[in-house]
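**Student:** Residue numbers (the working numbering): 865 to 1123.
Cβ atoms here follow ideal geometry from the backbone N, Cα and C, with glycine treated the same way.
All values derive from a computational prediction rather than experimental measurement.
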Ligand code: GLU
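1. Any contact of the region 905-920 with the region 928-947, i.e. 3+ C-beta pairs under 8 Å?
2. Is the beta carbon of residue 877 within less than 7 Å of some heavy atom of ligand 1?
3. If you draw a straight line from the alpha carbon of residue 889 to that of residue 897, how long is it in whole angstroms?
4. Return yes when at least one heavy atom of ligand 1 lies under 7 Å from the C-beta of residue 1042, else no.
5. Note down, in chain order, each residue of its chain lying with its Cβ closer than 8 Å to the Cβ of residue 881, except the 5 sequence neighbours on either side.
6. Can you give, in chain order, each stretch of the beta strand (DSSP E) that sits fully within the region 1042-1117 and has at least 3 residues?
7. Just to confirm, does residue 917 get its C-beta within under 7 Å of one of the non-hydrogen atoms of ligand 1?
8. Between residue 1096 and residue 878, what straight-line distance do the alpha-carbon atoms span, to the nearest angstrom?
9. Grab the span of the beta strand (DSSP E) containing residue 1032 for me, first residue to last.
10. With DSSP as the reference, label residue 1021 as helix, strand or coil.
11. Only counting the same chain, and skipping five residues up and downstream in sequence, which positions put a Cβ closer than 7 Å to that of residue 1059?
What follows is the structure, encoded as structure tokens:
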């Protein structure tokens, strides 16, 4: 796929990519991610970053090893972690003179016209000012009916709100495979998917790590939401944020859901 005219890109990064197994932030990775995104922004692209990690980083900060089940606990951890997350992003992006803004959303931005209108205006202003919006769900208020469910879905919704040219999901696997590569050594990566059908959904399997939510199923759903608005989705290995450059260079990495 030719990405020459790709200007607005939503990049999504998940908890398992941003944090070490003990929940503490993977600073080397976050630092590199901030450099690559600042550089892409310098090259004239407009980046919107959808970042998970609030609950995970909150857990790491207070030394909790397993993700709690209770909603209030998770919300409290998100409140602790979101602040740390933005502090680190602001610091690393600041090293490259890249300003950032925090945007916390609840699902009613999709269902309520006035709210989506306000959110779209805010995004447009931020992008005009050359600022990278860093988006997460507003976890402290997002319960049940206000819930996006997961940040893969959130990233696809953000892509549609900002009219993105591409959605790039950085995750802990380097694309969609025809079977589980952790259990099947012959599993093959699928470089290009055109149209999402039951067969593709069946390949997606389930759950993610103990720090994030999601897994491949929510990524495929995100690709479907984006595809409805003719936005291609890329699934890429997040352990090397320079993979974003490789996609622009036309290298055969990850999986692209073509539209
Ligand atoms: N909003 C949650 C957090 O920042 C993450 C949800 C997700 O990873 O899908 O911890």
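**Tutor:** Quick answer:
1. The way I'd put it, the region 905-920 does touch the region 928-947; three or more beta-carbon pairs between them come closer than 8 Å.
2. Because no heavy atom of ligand 1 lies under 7 Å away, the Cβ of residue 877 does not count as near it: no.
3. The straight-line gap from Cα to Cα measures roughly 13 Å.
4. Not under cutoff, so the answer is no.
5. Closer than 8 Å at the Cβ level, and outside the excluded window around residue 881, lie 890, 893, 1034, 1035, 1036, 1102, 1103.
6. Within the region 1042-1117, complete beta strand (DSSP E) segments of at least 3 residues are found at 1056-1058, 1097-1101, given in chain order.
7. Residue 917 Cβ: within cutoff of ligand 1.
8. If you take the alpha carbons of residue 1096 and residue 878, they lie about 19 Å apart.
9. 1030-1035 is the span of the beta strand (DSSP E), which, as asked, contains residue 1032.
10. Note: residue 1021 maps to helix in three-state DSSP.
11. Once the five neighbours on either side are set aside, residue 1059 has no close Cβ partner at all.
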